[in-house]
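Notes follow once the structure below has been shown.
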């Protein structure tokens, strides 16, 4: 069974630029999560989708972050404009449903200069 | 605010020794307590999990001890091996399954 795929693996941008990350969950997984993991900290949930609907985006900085999962499969997370404090690893995870085991992708390491 | 506090930040153990990582929580509504293992360049992977109806769960060399009254739980890695060198995260969630993670513990096992 293929795992959660993410791209790109690394991204370096200047502050105030835009960036987008892509995630393809495990086939058949209805629940998709985006986490932000700052160096030395645990992952923090940014947004949770159930199929193509948003379940929880309470910790998503909506003035600059957006995410979509239009067809209920893959998902895109965008940052516009980026700030220095957005430097982190962005992890995507999926599960067969809420409360089920979450499977994480390898993450995208973002550096904002 | 951080809902799950984890300690120590890092530890070094000799091969064959025991690694112990502790976590404490405040929210008594939490009812699921997983531990994740993360290797450099990889995403976290579920290692072992416990619910508050039991005080201990063992899977191979990994054991979770849970103290509901103290609102604490810990991970014990027995007979630590170099391949166990990784960062370990405790987490907790309540009925809506939103995981709150600890800050992580980097474990180094010396051969």
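Chains as they are written, first to last, in the numbering used here: chain A, 2 to 114; chain B, 7 to 117.
We put the beta carbon where it would ideally sit given N, CA and C, even for glycine.
Since the structure is predicted, the reported quantities are computational estimates derived from the model, not experimental observations.
Chain B places a beta carbon closer than 8 Å to that of residue 102 of chain A, counting this residue as a contact. Identification of residues in the region 41–67 of chain A having a C-beta nearer than 8 Å to some C-beta of chain B yields 41, 42, 43, 44, 45, 46, 49, 57, given in sequence order. Beta-bridge analysis with DSSP links residue 116 of chain B to B/20.
Under the three-state reduction of DSSP, residue 90 of chain B is assigned to helix.
At least one C-beta of chain B is nearer than 8 Å to the C-beta of residue 108 of chain A.
Residue 36 of chain B: not part of any beta strand (DSSP E); DSSP gives it neither H nor E. At a cut-off of 8 Å between C-beta atoms, residue 92 of chain A counts as an interface residue with respect to chain B. Per DSSP, reduced to three states, the secondary structure at residue 65 of chain B is strand. Following the DSSP letters along the chain, one finds residue 113 of chain A inside the beta strand (DSSP E) bounded by residues 109–113.
The three-state reading of DSSP puts residue 57 of chain A in strand, counting E and B together.
Residue 86 of chain A sits in a helix when the DSSP states are folded into three classes. Per DSSP, reduced to three states, the secondary structure at residue 22 of chain A is strand. Chain order gives the chain A residues near residue 51 of chain B as 104, 105, where near means a beta carbon separation below 9 Å. Two segments are said to touch when three or more pairs of C-beta atoms, one from each, lie closer than 8 Å; by this definition the region 87–105 of chain A touches the region 23–39 of chain A. Here residue 27 of chain A carries a coil assignment [DSSP, helix/strand/coil].
At least one C-beta of chain A is nearer than 8 Å to the C-beta of residue 109 of chain B. When rounded, the separation of the alpha-carbon atoms in residue 62 of chain A and residue 22 of chain A is 16 Å. By the criterion of at least three beta-carbon pairs nearer than 8 Å, the region 65–80 of chain B is not in contact with the region 13–22 of chain B. Put simply, of A/44, A/73, A/56, A/17 the residue whose alpha carbon is nearest the alpha carbon of residue 107 of chain A is A/44. In this structure, residue 13 of chain A places its C-beta atom within 8 Å of the C-beta atom of residue 114 of chain A. Between residue 5 of chain A and residue 93 of chain A, the C-beta gap is smaller than 8 Å, which places the two residues in contact. Residue 90 of chain B places its beta carbon 8 Å or farther from that of residue 60 of chain B. Under the Cβ criterion of 8 Å, residue 21 of chain B is not counted among the residues facing chain A.
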